[in-house]
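Everything on this sheet refers to the single structure shown next.
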Amino acid sequence: MAQDKQKPFEVPEQLRSLTQDSVDQARKAFDDYVAATRAAVSKLEATSSDAQSGALDLNRKILELAEENVSSAFTHAQRLVGARDLQEIMTLQSEFLKRQMANLGEQARVLSDAGARTASEFAGRSTER
Numbered sequence: 017m018a019q020d021k022q023k024p025f026e027v028p029e030q031l032r033s034l035t036q037d038s039v040d041q042a043r044k045a046f047d048d049y050v051a052a053t054r055a056a057v058s059k060l061e062a063t064s065s066d067a068q069s070g071a072l073d074l075n076r077k078i079l080e081l082a083e084e085n086v087s088s089a090f091t092h093a094q095r096l097v098g099a100r101d102l103q104e105i106m107t108l109q110s111e112f113l114k115r116q117m118a119n120l121g122e123q124a125r126v127l128s129d130a131g132a133r134t135a136s137e138f139a140g141r142s143t144e145r
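Using our numbering, you'd call the opening residue of the sequence shown number 17 and step up by one each time.
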């Protein structure tokens, strides 16, 4: 009786190529979106008053962090596209989740600090009037 040897699951090259094209298209769409958002923020900044500058700084920080997160996700997707088997996919996913959890804690701290500064500046300006 011959034993059945299971061949590890392999991702076909054609599927990886198709997935790569999809990731590339999604990245371009995101880059275009970020460029348009940055242009809109720049226009808003040009017309804003000093009282709004703290809020604009906070919005810029939020946009920056969101861009970092999406960029990280695209980098991860590119790595997944190159994975040759299920084990490599699982390893990449585990590493990505660990990095994202560490980044989430740091980003929460950064946003908390920026929000506190903005609130403090706004409160200071309100009492000056």
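Yeah, the Cβ is synthetic: ideal placement off N, Cα and C, and Gly gets one too.
Candidates E29, P24, V27, V39: which alpha carbon is nearest A93's?
Of the residues E29, P24, V27, V39, the one whose Cα lies closest to the Cα of A93 is V39.
Other residues of its chain near R95: CB distance less than 6 Å, five sequence neighbours each side excluded
The answer, listed in chain order, is L108.
Taking 8 Å as the cut-off, does the stretch 41-57 touch the stretch 117-130 (at least 3 CB pairs, one atom from each stretch)?
Counting Cβ pairs under 8 Å, fewer than three are found: no touch.
From the DSSP output, in three-state form, read off L81 for me.
Three-state result, L81: helix.
Would you kindly work out how many angstroms separate the C-alpha atoms of T53 and V86, rounded to a whole number?
The alpha-carbon atoms of T53 and V86 are separated by roughly 14 Å.
Would you mind stating whether D101 and E29 have Cβ atoms separated by less than 8 Å?
In this structure, E29 does not lie closer than 8 Å to D101 by Cβ.
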